[in-house]
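Engineer:
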Amino acid sequence: MFDPFCAFLEATNTADLLRGSLWVYPAINAGHIIGIALLFGGILPVDLRLLGVWSKVPLLPLLQVLMKTAALGVLLALVCGSLLFITRACSYIRSDVFMVKMIVVAAGLLNGLILRIVLSPSKPPQWVIASKVPPAVRLAAGFSLGAWITALVLGRLVGYVH
24 MFDPFCAFLE ATNTADLLRG SLWVYPAINA GHIIGIALLF GGILPVDLRL
74 LGVWSKVPLL PLLQVLMKTA ALGVLLALVC GSLLFITRAC SYIRSDVFMV
124 KMIVVAAGLL NGLILRIVLS PSKPPQWVIA SKVPPAVRLA AGFSLGAWIT
174 ALVLGRLVGY VH
């Protein structure tokens with residue numbers, strides 16, 4: 024189903040450049056890792072705070088800084104990850120581990136988008152200011168942690184399981 028499109032991606036000049044360069048592929052890979060670090064580094068403290076860890080730390084300042092950090096991480100990880108994908112698109116698309124990782128990433132991103140709307144730092148709900156986290160938001164924070172940890176583990180497995 025996806026084979027012709029994957030073959031097209033693998034045949035692009037960009038994919039050839041990435042596969043053939045001693046420096047470009049590692050730089051893009053490093054960009055992907057930095058993006059993941061920014062994403063997870065922004066999400067982890069917010070999720071833990073929503074779950075009740077560091078309950079004395081005000082929530083709003085965390086949201087104002089770390090949601091931007093996570094968003095930058097998502098952007099960098101998606102751009103660099105897409106470039107890495109095109110180098111072996113056909114192999115990746117046939118990998119069950121990769122496909123499950125993409126489903127988990129999509130679920131994590133959707134959950135994060137919903138939380139972003141609910142936790143809007145520019146118009147925070149009263150409970151954010153009062154730091155009284157509703158149970159549904161705690162559940163979403165727990166799901167977020169689980170999704171992103173799962174995505175990290177699956178991402179590492181992709182390189183070892185084809």
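Sequential numbering from 24 applies to the sequence shown in our numbering. Idealized CB from N, CA, C, for every residue including glycine. A quick note: this is a predicted structure, and the numbers were derived from the prediction, not measured.
Looking only at its own chain, which residues have a Cβ that is under 7 angstroms from the Cβ of A164, when we skip the five neighbours before and after it?
Structural biologist: Counting only Cβ-Cβ distances below 7 angstroms, and skipping sequence neighbours, we find D70, L73 and L74.
Engineer: Can you tell me which of P81, V181, I126 and N134 puts its alpha carbon nearest to the alpha carbon of P147?
Structural biologist: Nearest C-alpha to P147: P81.
Engineer: Are there 16 or more other CB atoms within 10 angstroms of the CB of M125, so buried, or fewer, so exposed?
Structural biologist: Counting Cβ neighbours within 10 Å, M125 comes out buried, since at least 16 surround it.
Engineer: Taking the beta carbon of M24 as the centre, do at least 16 other beta carbons fall within 10 Å, making it buried, or is it exposed?
Structural biologist: Counting Cβ neighbours within 10 Å, M24 comes out exposed, since fewer than 16 surround it.
Engineer: If you check the beta carbons only, do T110 and A38 fall under 8 angstroms apart?
Structural biologist: Contact flag set, yes.
Engineer: How big is the Cα-Cα spacing for T173 and V127?
Structural biologist: About 7 angstroms.
Engineer: If you measure between the beta carbons of V181 and F121, is that distance less than 8 angstroms?
Structural biologist: In contact: V181 and F121 (Cβ atoms closer than 8 angstroms).
Engineer: So the alpha helix (DSSP H) M125 belongs to, where does it begin and stop?
Structural biologist: It spans D119 to V141 - the alpha helix (DSSP H) in which M125 sits, taken as one unbroken run.
Engineer: Distance check for L62 and L168, CA to CA, integer angstroms please.
Structural biologist: When rounded, the distance between both Cα atoms is 12 angstroms.
Engineer: Decide yes or no for the touch test of the segment 46-60 against the segment 151-160: beta carbon pairs closer than 8 angstroms, at least 3 of them.
Structural biologist: Verdict: no, contact absent.
Engineer: Using alpha carbons as the reference points, say which of Y183, V76, N134 and L107 lies closest to S44.
Structural biologist: Among Y183, V76, N134 and L107, the Cα nearest to that of S44 belongs to L107.
Engineer: Quick one: is N36 buried, meaning 16 or more other Cβ sit within 10 Å of its Cβ, or exposed?
Structural biologist: When all chains shown are included, N36 counts as exposed.
Engineer: Can you tell which of L67, K155, G54 and L177 has its C-alpha closest to the C-alpha of L89?
Structural biologist: Answer by Cα proximity: L67.
Engineer: Can you give, in chain order, each stretch of the alpha helix (DSSP H) that sits fully within the segment 77-126 and has at least 4 residues?
Structural biologist: Entirely contained in the segment 77-126, the alpha helix (DSSP H) runs reaching 4 residues are, in chain order, 82-110 and 112-116.
Engineer: Using only the alpha-carbon positions, how far apart do K79 and E33 sit?
Structural biologist: The alpha-carbon atoms of K79 and E33 are separated by roughly 51 angstroms.
Engineer: Once you ignore the five residues that flank L40 on each side, which residues in its own chain have a CB closer than 7 angstroms to its CB?
Structural biologist: Closer than 7 angstroms at the Cβ level, and outside the excluded window around L40, lie V47.
Engineer: Assign S145 to one of three DSSP states: helix, strand, or coil.
Structural biologist: Correct three-state label for S145: coil.
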